[in-house]
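Working notes, structure below.
Spelled out as structure tokens, the structure:
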């Protein structure tokens, strides 16, 4: 079933009105018809409306509400991915898959080995595109929250920003092995916040890792192989998603 987000004012008793770009998507891309079912939620409200398309108008789609369910498909802790700016369009893939895996926010980070440089105009255009990708991925994966892609930061500023988080992880090929990494990751509990720092192509310089560790980051290993920048963040997100949802299912806080 297709899932859409609306603003609270678009919900009127037993009817929901879909506006904006979703109108064209429903009518001309999905080619949906009256009588077909969709689900709808508002960003962060943890309530899902099961609906039926009642009328397709030129500027809106009218839905009849069939039922309302309290729903929460979010991870029990907030994970922010601090992603070293990669080349080409890799950032789009990273954002899409990170949102599917449950990330709460993505922060593009400029490091010493970052090749991509964003001026103010280019960054605003990129942010618009990246946030549209995040919203699309949130719809596709049935999220209850639309993760935000925030303005880029230099690594030093990103580390300061992450200081308030309960855990900061930095995957690093010279970390102390899997046993220590498992210990660090298993310390993450429901209700906590996590920052994950991923380097660009070529990784972080050793001095950057040392600085991060000096500010509280814990170096973790992702195995014996060297992962690409577009793989590393998704790998650690997958591990955390599995661990947190298993713990949640069996009542471990």
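Numbering (our numbering), first residue to last: 60 to 312. All residues carry an ideal CB built from backbone N, CA and C; glycine is no exception. In this text, all values refer to a predicted model and were calculated from it rather than measured experimentally.
According to DSSP, is residue i part of a helix, a strand, or is it coil?
{"i": "residue 277", "result": "strand"}
{"i": "residue 107", "result": "strand"}
{"i": "residue 301", "result": "helix"}
{"i": "residue 84", "result": "helix"}
{"i": "residue 208", "result": "strand"}
{"i": "residue 227", "result": "strand"}
{"i": "residue 128", "result": "strand"}
{"i": "residue 92", "result": "coil"}
{"i": "residue 176", "result": "coil"}
{"i": "residue 17", "result": "This structure cannot speak to residue 17, because the chain is shown only from 60 to 312."}
{"i": "residue 153", "result": "helix"}
{"i": "residue 186", "result": "helix"}
{"i": "residue 342", "result": "There is simply no residue 342 to check, as the chain begins at 60 and stops at 312 in what is shown."}
{"i": "residue 306", "result": "helix"}
{"i": "residue 163", "result": "coil"}
{"i": "residue 69", "result": "helix"}
{"i": "residue 247", "result": "coil"}
{"i": "residue 285", "result": "coil"}
{"i": "residue 192", "result": "helix"}
Would you report the Cα separation of residue i and residue j, rounded to the nearest angstrom?
{"i": "residue 175", "j": "residue 98", "result": "38 Å"}
{"i": "residue 10", "j": "residue 277", "result": "Given a span of 60 to 312 for the chain in the structure shown, any question on residue 10 remains unanswerable."}
{"i": "residue 236", "j": "residue 125", "result": "52 Å"}
{"i": "residue 140", "j": "residue 166", "result": "6 Å"}
{"i": "residue 205", "j": "residue 243", "result": "28 Å"}
{"i": "residue 106", "j": "residue 72", "result": "14 Å"}
{"i": "residue 261", "j": "residue 172", "result": "7 Å"}
{"i": "residue 295", "j": "residue 302", "result": "11 Å"}
{"i": "residue 216", "j": "residue 117", "result": "46 Å"}
{"i": "residue 69", "j": "residue 109", "result": "15 Å"}
{"i": "residue 249", "j": "residue 156", "result": "22 Å"}
{"i": "residue 152", "j": "residue 189", "result": "10 Å"}
{"i": "residue 238", "j": "residue 115", "result": "56 Å"}
{"i": "residue 62", "j": "residue 138", "result": "23 Å"}
{"i": "residue 240", "j": "residue 161", "result": "21 Å"}
{"i": "residue 135", "j": "residue 101", "result": "19 Å"}
{"i": "residue 82", "j": "residue 258", "result": "39 Å"}
Name the DSSP bridge partner or partners of residue i?
{"i": "residue 62", "result": "98"}
{"i": "residue 143", "result": "168"}
{"i": "residue 138", "result": "253"}
{"i": "residue 123", "result": "74 and 111"}
{"i": "residue 198", "result": "DSSP, once it has assigned bridges, lists no residue as partnering residue 198."}
{"i": "residue 213", "result": "169"}
Which term fits residue i, buried or exposed, when burial requires 16 or more other beta carbons within 10 angstroms of its beta carbon?
{"i": "residue 203", "result": "buried"}
{"i": "residue 274", "result": "exposed"}
{"i": "residue 89", "result": "exposed"}
{"i": "residue 311", "result": "exposed"}
{"i": "residue 158", "result": "buried"}
{"i": "residue 150", "result": "buried"}
{"i": "residue 148", "result": "exposed"}
{"i": "residue 103", "result": "exposed"}
{"i": "residue 169", "result": "buried"}
{"i": "residue 219", "result": "exposed"}
{"i": "residue 297", "result": "exposed"}
Measuring alpha carbon to alpha carbon, tell me which of the options ends up nearest residue i.
{"i": "residue 120", "options": "196, 85 and 283", "result": "85"}
{"i": "residue 79", "options": "65, 257 and 73", "result": "65"}
{"i": "residue 272", "options": "254, 283, 286 and 245", "result": "254"}
{"i": "residue 180", "options": "229, 211 and 118", "result": "211"}
{"i": "residue 95", "options": "155, 83, 122 and 82", "result": "122"}
{"i": "residue 280", "options": "307, 234 and 245", "result": "234"}
{"i": "residue 230", "options": "265, 222, 207 and 160", "result": "265"}
{"i": "residue 146", "options": "287, 282, 299 and 223", "result": "287"}
{"i": "residue 197", "options": "239, 282, 133 and 257", "result": "133"}
{"i": "residue 221", "options": "240, 252 and 239", "result": "252"}
{"i": "residue 224", "options": "232, 256 and 201", "result": "256"}
{"i": "residue 186", "options": "207, 200 and 199", "result": "207"}
Is residue i close to chain B? Criterion is C-beta to C-beta, closer than 8 Å.
{"i": "residue 150", "result": "Among the protein chains of the structure shown there is no chain B, as only one such chain exists."}
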